[in-house]
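Student: Attaching a single structure in structure tokens format; questions to follow.
Number of protein chains: 2
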Amino acid sequence: MLDFTYQNPVKIIFGKEKIQDVAGEIPPDATVLLLYGQGSIKKNGVHALTIEALAGRRVIEFGGIEPNPSYETAMAAVNVVREKGIGFLLSVGGGSVLDATKFIAAAARFEDGDPWQIMSGAPIHDAVPLGAILTLPATGSEMNTNAVISRKSSADKLYFSSPLVYPRFSILDPTTTYSLPPRQTANGVVDAFVHVMEQYLTWPSDAPLQDRMAEGILQTLIEEGPKALTDPHDYNVRANIMWCATLALNDLIGQGVPEDWSTHMIGHQITAMHGLDHAQTLAIVLPVIMDVKRDKKREKILQYAERVWKIDSAALGEEKTIDSAMAKTREFFETLGVRTRLGDYGINAASIPAIIEKLQEHGMTALGEHADIGPDTIREILERCL
Amino acid sequence: MLDFTYQNPVKIIFGKEKIQDVAGEIPPDATVLLLYGQGSIKKNGVHALTIEALAGRRVIEFGGIEPNPSYETAMAAVNVVREKGIGFLLSVGGGSVLDATKFIAAAARFEDGDPWQIMSGAPIHDAVPLGAILTLPATGSEMNTNAVISRKSSADKLYFSSPLVYPRFSILDPTTTYSLPPRQTANGVVDAFVHVMEQYLTWPSDAPLQDRMAEGILQTLIEEGPKALTDPHDYNVRANIMWCATLALNDLIGQGVPEDWSTHMIGHQITAMHGLDHAQTLAIVLPVIMDVKRDKKREKILQYAERVWKIDSAALGEEKTIDSAMAKTREFFETLGVRTRLGDYGINAASIPAIIEKLQEHGMTALGEHADIGPDTIREILERCL
Numbered sequence: 221m222l223d224f225t226y227q228n229p230v231k232i233i234f235g236k237e238k239i240q241d242v243a244g245e246i247p248p249d250a251t252v253l254l255l256y257g258q259g260s261i262k263k264n265g266v267h268a269l270t271i272e273a274l275a276g277r278r279v280i281e282f283g284g285i286e287p288n289p290s291y292e293t294a295m296a297a298v299n300v301v302r303e304k305g306i307g308f309l310l311s312v313g314g315g316s317v318l319d320a321t322k323f324i325a326a327a328a329r330f331e332d333g334d335p336w337q338i339m340s341g342a343p344i345h346d347a348v349p350l351g352a353i354l355t356l357p358a359t360g361s362e363m364n365t366n367a368v369i370s371r372k373s374s375a376d377k378l379y380f381s382s383p384l385v386y387p388r389f390s391i392l393d394p395t396t397t398y399s400l401p402p403r404q405t406a407n408g409v410v411d412a413f414v415h416v417m418e419q420y421l422t423w424p425s426d427a428p429l430q431d432r433m434a435e436g437i438l439q440t441l442i443e444e445g446p447k448a449l450t451d452p453h454d455y456n457v458r459a460n461i462m463w464c465a466t467l468a469l470n471d472l473i474g475q476g477v478p479e480d481w482s483t484h485m486i487g488h489q490i491t492a493m494h495g496l497d498h499a500q501t502l503a504i505v506l507p508v509i510m511d512v513k514r515d516k517k518r519e520k521i522l523q524y525a526e527r528v529w530k531i532d533s534a535a536l537g538e539e540k541t542i543d544s545a546m547a548k549t550r551e552f553f554e555t556l557g558v559r560t561r562l563g564d565y566g567i568n569a570a571s572i573p574a575i576i577e578k579l580q581e582h583g584m585t586a587l588g589e590h591a592d593i594g595p596d597t598i599r600e601i602l603e604r605c606l
Numbered sequence: 221m222l223d224f225t226y227q228n229p230v231k232i233i234f235g236k237e238k239i240q241d242v243a244g245e246i247p248p249d250a251t252v253l254l255l256y257g258q259g260s261i262k263k264n265g266v267h268a269l270t271i272e273a274l275a276g277r278r279v280i281e282f283g284g285i286e287p288n289p290s291y292e293t294a295m296a297a298v299n300v301v302r303e304k305g306i307g308f309l310l311s312v313g314g315g316s317v318l319d320a321t322k323f324i325a326a327a328a329r330f331e332d333g334d335p336w337q338i339m340s341g342a343p344i345h346d347a348v349p350l351g352a353i354l355t356l357p358a359t360g361s362e363m364n365t366n367a368v369i370s371r372k373s374s375a376d377k378l379y380f381s382s383p384l385v386y387p388r389f390s391i392l393d394p395t396t397t398y399s400l401p402p403r404q405t406a407n408g409v410v411d412a413f414v415h416v417m418e419q420y421l422t423w424p425s426d427a428p429l430q431d432r433m434a435e436g437i438l439q440t441l442i443e444e445g446p447k448a449l450t451d452p453h454d455y456n457v458r459a460n461i462m463w464c465a466t467l468a469l470n471d472l473i474g475q476g477v478p479e480d481w482s483t484h485m486i487g488h489q490i491t492a493m494h495g496l497d498h499a500q501t502l503a504i505v506l507p508v509i510m511d512v513k514r515d516k517k518r519e520k521i522l523q524y525a526e527r528v529w530k531i532d533s534a535a536l537g538e539e540k541t542i543d544s545a546m547a548k549t550r551e552f553f554e555t556l557g558v559r560t561r562l563g564d565y566g567i568n569a570a571s572i573p574a575i576i577e578k579l580q581e582h583g584m585t586a587l588g589e590h591a592d593i594g595p596d597t598i599r600e601i602l603e604r605c606l
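Residue numbers (the numbering used here), protein chains in the order written: chain A, 221 to 606; chain B, 221 to 606.
Here is the structure:
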């Protein structure tokens, strides 16, 4: 097991009708900026519940945060925070709204020039406190320090991470996810699944508990994901997916083990340049990385095959077991309705050089747990994603 | 899944040579009370490392905290805290030292009479901040709000719980456990194992991820526990047991599911009156509770049998599967060297009425996830423990 330091102070408030408790979690004297996305919270009642729960508080609203939240939109919110003396940010929505909120929290207190520098590693020293009402299980942003932001002007999609942007609380009411469109439900399951895989599918580091927790999340997502599509109002199914997504990326399962975030890094750039949903890019890239890195990931892929998919590797032999595990992974994504080839989204070989160039520009020339996924390997991966 | 609120802010610093980082975790101007037990930290070098790491700080020492830490000893430390203006408590040792430290932290700031009242639920409003260097994986006290304290004068052993006594940090260096006597290593594995069982072996609440995390800890303890006895200097084995013990009772796996702490409650009283090691009492009581409550716990015992012990319930039938799961649980404890009958410790039927009477005195007349383990059932359990 590798050494680690872990501290995650986020307060998770999980269950039915918990939105009504939100006021008690926010300092009473703070002016609250309520941030939301494209308006689904106005249709499903979450907005009204939130406003009702905050009765008597000073609340200003900022809507319109887009999926793959943009720097441009976030900076408009930063202006509101500064002009209105906002003391608390309340994100009401999915991971995109929350990621934007984290960036806004940091950017509003950033005094060293253009806050976009935060995305390339400029240190932050302060942030506006924030909390979340989560309506889409997927990113784990509700219990981690990460945020992914896109800049339209340069077709970039980058992430930053800081303990200063941990939500003070996250309210997870699974009933708020009943009304999600199937595509968003499926995307969330794929996103959580790939988060686990990127903390799991590396090399064995004699950390059997971390492995089993990871496998437990994967198995649960495989069982529960399709159920959420056929019976979207099943409370326990929605609750289980929601808790899986949180634990998939609250950093617990990644403690003490190597990680490989190459699928996310390559996927982000595909989204930035071609507009695919985040989860679509992950569903395309992950199975191919398993194949291209089958030798270096061999032991863990075999373990994944045996434990998660119950493939009899002794009977099948190693190569066919790996093939089968990859096929089952791809099939799982496709069954959820998430297509797994670049061609499914109209992207062809001509787009590959620009993606590689952008990754190089961001210094992503040595991805993976062995830092051996450079431009040539990325080209091979993308060509096999077609 | 049941509703829950979860927040656990403890900073875990895990790995080799981490004790040297302790000073950075403690406010520089605080006078530190370094608390420890029977002196093993002076033999294994942990005391010297800690003192070295705290060079230049004001440190007062308080040693001699016993296993099953006593109110009487803790109150002597409370006097030191008050007299010397102690600003930070540093527990260096196992769960007993840390539980005592938590009680001392609360008692030193308790102003409503005798601090023993804390153990029967008197509210606490403040506590001296504390941190831990853990040298014995077992209780999970390093990442939870609980403390168990015994009062010699009345042969009581009770617990309290408060977020105010969360350690600010816990340093877990697995190498500090190399020198543990086999009995303490085994006890720690049994304690962690039973912590998991008490959050798992109730009724199915459609919480498959919590189940799998629990099963993952159990399986890992079953694999790694015996290895620690045969090869006490295997770093990864020690690290895996240490992380299992922390996650067994940092309250994560208990979120959203029913719990049954009857084994602990009955076990505590056996220790208080007869001096058995804590884990010995758990190893005695748990298998019998599985038997006595086999009908109400049926579904989960069968799941435990199939998943943790790989018992083929379809081939064996339900009753024999349950019998086999109980037998394997008992055998696991015995293999570690922990005897599982009251008679093994010289306790006979004559002792049973007094144990039941004490539990009644403490209001423990409706234990278990169904609150149906009362005096009569406890008598039946204890008689079958003989």
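Note that the Cβ used here is the ideal one computed from N, Cα and C, for glycine as well.
What's the C-alpha gap between Y398 (chain A) and I285 (chain A)?
Tutor: If you take the alpha carbons of Y398 (chain A) and I285 (chain A), they lie about 21 Å apart.
Student: So, under 8 Å CB-CB, H494 (chain A) and Y565 (chain A) are touching, yes? Tell me the CB distance rounded to an integer number of Å.
Tutor: Yes, H494 (chain A) and Y565 (chain A) are in contact; Cβ-Cβ is about 7 Å, under 8 Å.
Student: For chain B, find out if any of its Cβ atoms is closer than 8 Å to the Cβ of E443 (chain A); answer yes or no.
Tutor: True, the Cβ-Cβ gap to chain B drops below 8 Å.
Student: Excluding the 5 residues preceding and the 5 following I369 (chain A) in the sequence, name in chain order all residues of the same chain whose CB lies nearer than 8 Å to its CB.
Tutor: P289, S290, Y291, A294, D319, A320, F323, M339, K377, L378, Y379, F380
Student: Would you mind telling me which residues of chain A sit closer than 8 Å to C464 (chain B), beta carbon to beta carbon, in chain order?
Tutor: L429
Student: Please confirm whether R559 (chain B) has its beta-carbon closer than 8 Å to some beta-carbon of chain A.
Tutor: no
Student: When the cut-off is 8 Å and only beta carbons count, does K236 (chain A) lie next to chain B?
Tutor: yes
Student: What do you reckon, are the CB atoms on R388 (chain B) and P349 (chain B) nearer than 8 Å?
Tutor: yes
Student: Is the distance from the Cβ of I391 (chain A) to the Cβ of K236 (chain A) below 8 Å?
Tutor: Contact annotation: I391 (chain A) and K236 (chain A) have beta-carbon atoms that are not nearer than 8 Å.
Student: Quick one: grab the DSSP three-state call for F224 (chain B).
Tutor: Of the three classes helix, strand and coil, the one that applies to F224 (chain B) here is strand, per DSSP.
Student: For T371 (chain A), which residues from the same chain have a beta carbon less than 6 Å from its beta carbon, with the 5 sequence-adjacent residues on both sides left out?
Tutor: Rather than Thr, the amino acid found at residue 371 (chain A) in this sequence is Arg. Only Y291 meet the Cβ criterion.
Student: Do G314 (chain A) and L218 (chain A) have their beta-carbon atoms positioned less than 8 Å apart in this structure?
Tutor: Lying before the first or after the last residue shown, residue 218 (chain A) is absent from chain A, which here runs from 221 to 606.
Student: Any chance the region 247–266 of chain A sits against the region 406–420 of chain A, with 3 or more Cβ pairs inside 8 Å?
Tutor: no
Student: Can you tell me whether Q240 (chain A) is buried or exposed? The criterion is at least 16 other CB atoms within 10 Å of its CB, across all chains shown.
Tutor: Exposed: under 16 other Cβ atoms inside 10 Å.
Student: Shortest alpha-carbon distance to K519 (chain A) belongs to which of A:Y420, A:A465, A:G436, A:I344?
Tutor: In the sequence on display, residue 519 (chain A) carries Glu and not Lys. For E519 (chain A), the nearest C-alpha among the options comes from A:Y420.
Student: Could you give the DSSP three-state label for R403 (chain B): helix, strand or coil?
Tutor: helix
Student: How many angstroms separate the CA atom of I233 (chain A) from the CA atom of T440 (chain B)?
Tutor: 29 Å
Student: Counting pairs of beta carbons, one from the region 565–576 of chain B and one from the region 587–603 of chain B, are three or more of them closer than 8 Å?
Tutor: yes
Student: Following the continuous beta strand (DSSP E) through D334 (chain A), name the residue where it begins and the one where it ends.
Tutor: That residue, D334 (chain A), is in no beta strand (DSSP E); it is neither H nor E in DSSP.
Student: Please check if any C-beta of chain B sits within less than 8 Å of the C-beta of L522 (chain A).
Tutor: Taking Cβ atoms only, chain B never reaches closer than 8 Å to L522 (chain A), which makes this a no.
Student: Return the residues of the region 467–490 of chain A that lie within a Cβ-Cβ distance of less than 9 Å from chain B, sorted by chain order.
Tutor: With the criterion set as a beta carbon lying under 9 Å from some beta carbon of chain B, the members of the region 467–490 of chain A are L467, L472, Q475, G476, in sequence order.
Student: Here's a check: name, in chain order, each residue in its chain whose Cβ is nearer than 7 Å to the Cβ of A328 (chain A), leaving out the five neighbours to either side.
Tutor: V298, V301, R302, V348
Student: Under the criterion of a Cβ to heavy atom distance below 7 Å, does K236 (chain B) qualify as lining the ligand PLP?
Tutor: The ligand PLP is absent from the structure shown, which contains no ligands of any kind.
Student: Within 10 Å of its beta-carbon, does D393 (chain A) have 16 or more other beta-carbons around it, so buried, or fewer, so exposed?
Tutor: buried
Student: Could you check if Q580 (chain A) is buried or exposed, using at least 16 other CB atoms within 10 Å of its CB as the buried criterion?
Tutor: exposed
Student: Touch check for the region 539–551 of chain B and the region 463–471 of chain B: three-plus C-beta pairs under 8 Å?
Tutor: no
Student: At a CB-CB cut-off below 9 Å, which residues of chain A make contact with F224 (chain B)?
Tutor: When 9 Å is used as the limit between beta carbons, F224 (chain B) is near these residues of chain A: I232, I233, F234, G235, in chain order.
Student: Taking Cβ positions, are G436 (chain B) and R432 (chain A) nearer each other than 8 Å?
Tutor: yes
Student: Please give the ranges of any beta strand (DSSP E) in the region 455–527 of chain B, keeping only runs that are unbroken, at least 3 residues long and fully inside the region.
Tutor: none
Student: Between which two residues does the alpha helix (DSSP H) containing A268 (chain A) stretch?
Tutor: 266–273
Student: Mind checking whether V528 (chain A) and L438 (chain A) have CB atoms under 8 Å apart?
Tutor: yes
Student: Any idea what DSSP makes of D393 (chain B), helix, strand or coil?
Tutor: D393 (chain B) falls in the coil class under three-state DSSP.
Student: Look at the alpha carbon of I461 (chain A) and the alpha carbon of V312 (chain A), and state the distance between them as a whole number of angstroms.
Tutor: Rounded to the nearest angstrom, the two C-alpha atoms are 19 Å apart.
Student: Taking N407 (chain B) as the query, report the chain A residues whose CB atoms sit under 7 Å from its CB, ordered along the chain.
Tutor: In chain order: nothing, as chain A lies at least about 20 Å away.
Student: Could you compute how far the alpha carbon of G307 (chain A) sits from the alpha carbon of S316 (chain A)?
Tutor: 21 Å
Student: Can you check whether the C-beta of R432 (chain A) is within less than 8 Å of a C-beta belonging to chain E?
Tutor: The structure shown has no chain E; the protein chains it does contain are A and B.
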